[in-house]
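What follows is a single structure, written as structure tokens, with notes after it.
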Amino acid sequence: MLNVQSGHQRPRQELRGHWLAALAAMLLAGCSFIPVYERPAAPVANGYPALNASTSAGPAAASVPWQQFFTDVRLQRLITMALAHNRDLRVAVLNIEQSRAQFQISRAAQLPAVNGLVSGARTPAANGGISSVYTAGLQVTAYELDFFGRVASLESQALAQYLATEEGRKTTQISLIAQVANNYLAILADEELLDITRRTLGTREESLKLAKLRFDNGVTSELDYRQVESLLEAAKVAYAQQQRQRLLDDNALTLLVGQPLSTLGADLLPASTALMPLGGVAAG
Numbered sequence: 052m053l054n055v056q057s058g059h060q061r062p063r064q065e066l067r068g069h070w071l072a073a074l075a076a077m078l079l080a081g082c083s084f085i086p087v088y089e090r091p092a093a094p095v096a097n098g099y100p101a102l103n104a105s106t107s108a109g110p111a112a113a114s115v116p117w118q119q120f121f122t123d124v125r126l127q128r129l130i131t132m133a134l135a136h137n138r139d140l141r142v143a144v145l146n147i148e149q150s151r152a153q154f155q156i157s158r159a160a161q162l163p164a165v166n167g168l169v170s171g172a173r174t175p176a177a178n179g180g181i182s183s184v185y186t187a188g189l190q191v192t193a194y195e196l197d198f199f200g201r202v203a204s205l206e207s208q209a210l211a212q213y214l215a216t217e218e219g220r221k222t223t224q225i226s227l228i229a230q231v232a233n234n235y236l237a238i239l240a241d242e243e244l245l246d247i248t249r250r251t252l253g254t255r256e257e258s259l260k261l262a263k264l265r266f267d268n269g270v271t272s273e274l275d276y277r278q279v280e281s282l283l284e285a286a287k288v289a290y291a292q293q294q295r296q297r298l299l300d301d302n303a304l305t306l307l308v309g310q311p312l313s314t315l316g317a318d319l320l321p322a323s324t325a326l327m328p329l330g331g332v333a334a335g
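Okay, here's the thing in structure tokens:
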């Protein structure tokens, strides 16, 4: 009698143990230590107030291609070369690839790693024949039950890092485009200033010749002659400074483009004004 009752109670106890184990697993799965992120409210509005109620909203500046901002053909070619050869942008792209690989590794950690094994053996039997034995099996390795959300948190962290790196690449690209455009416009301005200072220098030289002629003939004093001579020296200094600034801007553009300007072709940059000898001005 007692043995019969104990036989009925044993399956019930085993079933109850299974239910308790399943319930404990469900409770542990719900115990996540990942804090709930709440985006803080911005102290300012998301957009500028409308200047006019009738003004239609245009496309966002970030969605407009840079080719529409800069329509100069030579500048577009320089920007294209910079995007292809700039070292800083290459580093940003490689960082993106690294972050993407790290995200894929973190994502794969949520899945069990399954290893398959197939083996076979052939040995001589006692009766003179050959005994063949084949085995096959599957093995689950390196799998972590994510009870507290640690693996999911690592995946979210890797995803956020990847997205941040992608935005960093966009920021680097926008900054690179802006710097190339600024340097290109600076070189154009340098050429204009070089042309102005060159013509000013020529005018000062002609004025000095005239002042020397007037001084030799006693029309003007030596003081007037020295004043004209000082104006010529000032023009030489200004011209030397403009030449130096043009070379500095050329070097800066070379670093941005990632290639020597001499290999870009003569049609990409304005022709540099021929350097004039300035023997009367000391170096520096």
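Position one of the sequence shown corresponds to residue 52 (the working numbering), numbered consecutively onward.
Ideal Cβ positions, reconstructed from N, Cα and C, are used throughout, including at glycine.
Predicted model only: the values in this text are computed from it and were never measured.
> Given that a residue counts as buried once 16 or more other Cβ atoms are within 10 Å of its Cβ, and exposed if not, what is D241?
Replying inline: In the sequence shown, residue 241 corresponds to position 190, counting from 1. Per the 10 Å Cβ criterion, buried.
> Secondary structure at T216, three-state DSSP: helix, strand or coil?
Replying inline: Sequence index remark: in the sequence shown, residue 216 carries index 165 (1-based). Helix.
>> Please give the ranges of any beta strand (DSSP E) in the segment 240-271, keeping only runs that are unbroken, at least 3 residues long and fully inside the region.
In response: none
> What is the residue span of the alpha helix (DSSP H) that T122 lies within?
Replying inline: Sequence index remark: in the sequence shown, residue 122 carries index 71 (1-based). That residue, T122, is in no alpha helix (DSSP H); it is neither H nor E in DSSP.
>> Per the DSSP calculation, T186 is bridged to which residue(s)?
In response: For the purposes of this step, residue 186 is taken as residue 135 along the sequence shown, with counting starting at 1. Looking at the DSSP assignment, T186 forms a beta bridge with S170.
> Nearest-angstrom Cα distance between R277 and S258?
Replying inline: Counted from its first residue, the sequence shown places residue 277 at position 226. Counted from its first residue, the sequence shown places residue 258 at position 207. Their backbone Cα atoms lie some 12 Å apart in a straight line.
> For L214, is the classification buried or exposed, using 16 other Cβ atoms within 10 angstroms of its Cβ as the cut-off for buried?
Replying inline: As a working note, residue 214 is residue 163 in the sequence shown. Label assigned to L214: exposed.
>> Contact defined as beta carbons within less than 8 Å: I believe L129 pairs with V231. What is the distance between those atoms, to the nearest angstrom?
In response: Along the sequence shown, read from residue 1 onward, the residue named residue 129 stands at position 78. Along the sequence shown, read from residue 1 onward, the residue named residue 231 stands at position 180. L129 to V231, Cβ: 6 Å. Contact.
> Looking at the unbroken alpha helix (DSSP H) that takes in V32, where does it start and where does it end?
Replying inline: The displayed coordinates of the chain run from 52 to 335. Any statement about residue 32 would go beyond what the structure contains.
> So Q310 and L245 are in contact, right, with Cβ under 8 Å, and what is the actual spacing, rounded?
Replying inline: Sequence index remark: in the sequence shown, residue 310 carries index 259 (1-based). Sequence index remark: in the sequence shown, residue 245 carries index 194 (1-based). Not quite, the Cβ-Cβ distance comes to about 24 Å (not below 8 Å), so this is no contact.
> Cα separation between Q281 and N268?
Replying inline: In the sequence shown, residue 281 corresponds to position 230, counting from 1. In the sequence shown, residue 268 corresponds to position 217, counting from 1. Before going further, note that residue 281 is Ser rather than Gln in the sequence given. Their backbone Cα atoms lie some 20 Å apart in a straight line.
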